[in-house]
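Take 309 as the starting number for the sequence shown in the numbering used here and just add one per residue.
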Amino acid sequence: NPDKFLTDYYVGQKVGEIWGYVTEGFFSSDAEIAAHADQSLYRSHSSGKIQVGDIMLKDLNGDGKVNPGLNTATDPGDRRVIGNTTPHYTYGISLGSNYRSIFLNGFFQGVAKQDWYPSPESNAFWGQYNRPYGLVPSWQLKPGMIWSKENPNSFLPRYASRLSNN
């Protein structure tokens with residue numbers, strides 16, 4: 309991979325890199341949308357029109373457009389390494405106890421830190437953001453999770469139909 313395409317391993321890559329866009333929150337007004345870099349390449353519904361409540365992606369390279377560049381490590385566009393899937397801190401603990409002819413042993417192991425990015429098929433995470441006919445995961449229905457005018461500091465953007473401008 310001499311061109312260092314991000315779709316394959318390349319010299320200098322850290323195994324497990326997650327490349328992605330940086331978000332700046334959600335659009336809060338039409339004026340903010342008009343003043344922001346063009347991110348029409350990433351649509352929240354079929355019309356392609358960015359609306360209040362949509363995710364605002366950061367224009368990292370300052371060219372006025374949010375895009376993937378040449379999809380290489382030297383020109384990733386507005387993406388950067390946002391995580392790594394390699395486990396950072398693994399641990400194992402073994403405990404044991406003996407009393408006469410009775411013994412008890414236990415072994416615990418785990419990972420203290422590992423980044424995860426859900427695949428497109430992770431319906432338990434994406435829910436209706438991925439497939440409008442899918443079930444809404446219960447964690448998304450908790451108060452404050454989905455953007456609305458009354459809840460601008462949410463975790464998820466506004467719900468939008470893929471077939472309309474809403």
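Ideal placement from N, C-alpha and C gives every residue a C-beta, glycine not left out.
Within the same chain, and ignoring the five residues on either side of ASN413 in sequence, the residues whose Cβ sits closer than 6 Å to its Cβ are GLY404.
DSSP places ASP346 in the strand class (E or B) of the three-state scheme.
Between GLY385 and ASN392, the CB-CB gap reaches or exceeds 9 Å.
Taking a contact to require three or more Cβ pairs closer than 8 Å, the stretch 310 to 319 and the stretch 349 to 357 do not qualify as touching.
Pairing GLN359 with PHE433, the inter-Cα distance amounts to about 23 Å.
If you check the CB distance, GLY400 and PHE416 come in under 9 Å. Contact annotation: GLY377 and PHE334 have beta-carbon atoms that are not nearer than 9 Å.
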